[in-house]
Amino acid sequence: MTTGFTMTIAGEAVEGASTYDVLDPADEAIAGRAPVCSPEQLDQAVAAARAALPGWSTTPFEERRGFVLAVADAVEAQLEPLKHLLTREQGKSLDDAAGEILGFGYWLRGTAALSLPETVNEDSAERLSVTRRIPVGVVGAIVPWNYPLGNAGFKLAPALLAGNTVVWKPSPFTPLVSLRVGAILRDVLPPGVLNVVSGDAALGPRMTAHPGIDMISYTGSTRTGRQVMAGAAPTLTRVTLELGGNDPAIVLPDVDVEAVAEKLFWGAFANNGQVCLAIKRLYIHRDVYEPLKRALVDYAATVRTGPGTEAGVRLGPVQNRPQYDRVLGLLHDSQDHGHTFALGGPPRNQHQGRNANGDRTGYFVPLTLVDNPPEDSRIVQEEQFGPVLPLLPFDDIEDAVTRANAGEYGLGASVWSADQEAALAVGQRLDAGTVWINEVQHLTPDVTFAGHKQSGFGSESGSEGLLEFTTPRTITVRRGGAPTALLPTT
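Per numbering that gives the first Met the number 0, the sequence shown starts with residue 0, numbered consecutively.
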């Protein structure tokens with residue numbers, strides 16, 4: 000067990016009112032004990048962010064850019080200990096943990112290359128009018144458990160670059176790396192600019208409703224996103240929501256089956272399927288349905304699953320017990336309804352992370368391919384967020400597009416074909432914030448990422464994502480006599 004975790008408030012280490020156990024999902028052993036932030040300590044964190052705001056927001060933009068780059072350098076310098084800690088609390092392989100930490104640095108550097116716009120509305124003898132973007136204020140960043148550090152980078156980088164101060168709350172299931180990063184950054188950022196708090200399920204609602212927080216940036220489930228909106232409504236706190244997805248992929252009949260099988264597999268099962276943009280419904284033209292199904296089954300046999308700390312493991316456990324039970328519930332529902340499993344299915348003699356003898360086994364779910372379940376089944380209609388994928392044949396592209404667009408989500412989608420133009424024609428008809436052609440889950444810090452329908456609203460990444468953390472301010476000067484220079488800026 001790793002010890003010594005503290006929150007960061009006003010640049011200082013702060014112990015919680017109490018602590019709670021953070022479990023390793025591979026064996027349910029205690030990975031560490033995290034502090035529980037009391038209501039009074041949350042008030043202190045918000046007050047620290049508020050006190051730091053005037054100095055940080057007026058720090059010249061180029062200096063803030065340098066601080067963001069320094070954050071990336073400081074975190075990457077601790078790659079080795081951080082990747083082991085991330086694997087212990089999240090369950091992913093050590094290689095994937097290292098990739099997430101390096102991805103955090105990549106995201107911060109890419110975001111730091113962005114700039115805020117300035118619009119000169121009028122520059123005449125009579126009047127000077129300039130619109131600039133200024134920081135929103137104190138940002139509450141609420142981060143999920145699937146990518147504790149990666150998702151944090153989506154929020155911290157633009158928030159800090161734009162001149163906001165931040166209170167960062169990781170998921171109760173994966174707080175350890177975030178707390179450790181907060182400790183690392185005490186010597187990098189001015190006190191109060193970045194505060195890191197952890198706690199139980201009560202902390203998020205307290206943040207959402209806190210009158211001292213000007214904006215909530217939330218990533219997580221649609222169900223919780225609705226609660227975030229409701230909590231923020233009384234104070235009209237700005238909210239951006241990156242929520243759930245039930246992302247379809249459509250495979251046209253001209254694909255090279257062997258060439259796309261591996262790409263489709265990882266598009267669905269990377270991070271054990273615990274990716275908001277994972278392929279969660281795979282629509283395959285009937286001409287290639289059987290060969291592609293066999294290719295996916297064959298490729299899955301080459302992928303080793305197990306504790307992320309073991310050499311050669313590519314996929315670890317589901318991260319937490321509630322999600323584990325939910326995925327098992329979907330599998331048992333398919334089994335109860337007579338669905339065919341081309342691969343996997345409910346684990347035998349295993350429930351809630353224990354085998355028939357009561358021994359701890361971790362939250363491992365077999366890689367599962369459900370062969371042509373009904374369109375109205377739970378495994379098709381619900382976001383599984385685990386290592387389970389329904390395979391769905393189609394004969395007519397109109398039918399495939401209609402089925403792909405059905406439902407409440409619209410986060411991502413992909414189309415696969417040897418004919419790029421044909422795939423593009425299909426992709427342009429899909430109701431999703433991001434549509435990929437012959438790839439999936441490709442994101443960069445300079446490209447806007449957003450969801451349609453109940454996959455959220457607001458943007459992350461790119462110039463639009465940066466603007467989410469700002470508000471416009473127009474200053475107009477009525478000129479009289481001598482010309483007025485453009486207003487100074489930070």
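All C-beta atoms, glycine included, are put in the ideal place defined by N, C-alpha and C.
Less than 8 Å between the C-beta atoms of Asn-194 and Gly-406, yes or no? no
Assigned exposure category for Ile-215 - 16 Cβ within 10 Å defines buried: buried
So what does Pro-389 bridge to, in DSSP terms? Val-369
Mind checking which residues open and close the alpha helix (DSSP H) that includes Tyr-105? 93-111
Residue nearest to Leu-342 in terms of C-alpha spacing, selected from Pro-316, Gly-136, Val-387: That would be Val-387, whose Cα lies nearest to the Cα of Leu-342.
Between which two residues does the alpha helix (DSSP H) containing Lys-82 stretch? 78-89
What does DSSP give as the partner residue(s) for Ser-413 in the beta ladder? Beta-bridge partners of Ser-413 (DSSP): Ala-248, Trp-435.
Mind checking who Gly-136 pairs with in its DSSP beta bridge? Note: Gly-136 sits in no beta bridge, so no partner.
Measure the C-alpha to C-alpha separation of Leu-251 and Gln-427 and round it to an integer number of angstroms. C-alpha separation (whole angstroms): 15 Å.
Kindly indicate which residue of Arg-32, Val-434, Ala-300 has the alpha-carbon position closest to the one of Ala-422. Val-434
Please report how far the alpha carbon of Thr-221 lies from the alpha carbon of Ile-29, in whole angstroms. 29 Å
How would you write the range of the alpha helix (DSSP H) that Leu-188 sits in, first residue to last? No alpha helix (DSSP H) contains Leu-188, which DSSP labels as neither H nor E.
What does DSSP give as the partner residue(s) for Tyr-408 in the beta ladder? Lys-452
Val-165, DSSP secondary structure in three states: strand
Contact under 8 Å by Cβ, Gly-337 with Val-364: no
Let me know if Val-166 comes out buried or exposed under the rule of 16 or more other beta-carbons within 10 Å of its beta-carbon. buried
Taking the continuous beta strand (DSSP E) assigned at Leu-240, which residues delimit it? 237-241
In chain order, what residues of the same chain lie with their CB nearer than 7 Å to the CB of Ala-294, ignoring the 5 residues before and after it? Counting only Cβ-Cβ distances below 7 Å, and skipping sequence neighbours, we find Val-256, Glu-257, Ala-260.
Who does His-284 pair with in a DSSP beta bridge? Bridge pairing for His-284: Phe-393 [DSSP].
Between Val-21 and the ligand FAD, is the CB less than 7 Å from at least one heavy atom? In the structure shown, the ligand FAD is absent, as is every other ligand, since no ligand is present at all.
Could you check whether the stretch 123-134 touches the stretch 197-204, counting it as contact only if at least three pairs of C-beta atoms, one from each stretch, sit closer than 8 Å? Because the criterion of three Cβ pairs below 8 Å is not met, the stretch 123-134 and the stretch 197-204 do not touch.
Do Leu-390 and Asp-370 have their beta-carbon atoms positioned less than 8 Å apart in this structure? yes
Is the stretch 110-120 in contact with the stretch 224-239, if contact means three or more CB pairs nearer than 8 Å? no
State the CB to CB distance for the pair Phe-60 and Ala-33, rounded to an integer number of angstroms; the pair is presumed to be in contact (CB under 8 Å). Between Ala-33 and Phe-60 the Cβ distance is about 35 Å, and since that is not below 8 Å, they are no contact.
Quick check on this structure: which residue in Pro-38, Pro-321, Val-67 has the alpha carbon closest to the alpha carbon of Ser-17? Ranking Pro-38, Pro-321, Val-67 by Cα distance to Ser-17 puts Pro-38 first.
Taking all protein chains shown into account, do 16 or more other C-beta atoms lie within 10 angstroms of the C-beta of Ile-100, making it buried, or fewer, making it exposed? buried
Report the partner residues of Arg-472 according to the DSSP bridge assignment. DSSP lists Arg-131 as partners of Arg-472.
Can you tell me which of Gly-411, Gly-191, Met-228, Pro-233 puts its alpha carbon nearest to the alpha carbon of Ala-46? Gly-191
Span separating the alpha-carbon of Thr-443 from that of Gly-149: Using only the alpha carbons, I get a separation of about 12 Å.
Give the DSSP-derived three-state secondary structure of Ile-212 in the structure shown. coil
So, are the CB atoms of Pro-509 and Pro-169 less than 8 Å apart? It is not possible to answer for residue 509, since the shown part of the chain is limited to 0 through 489.
For the alpha helix (DSSP H) that contains Asp-335, what are its first and last residues? First-last of the alpha helix (DSSP H) with Asp-335: 320-335.
Could you pull the DSSP bridge partners for Asp-122 from this structure? Asp-122 pairs with Leu-127.
At the level of alpha carbons, what is the spacing between Ala-403 and Pro-247? 6 Å
Give the C-beta separation of Gly-230 and Leu-242 to the nearest angstrom, bearing in mind that I take them to be a contact with Cβ-Cβ under 8 Å. So it is not a contact: roughly 15 Å between Cβ atoms.
Span of the beta strand (DSSP E) holding Thr-18? 17-22
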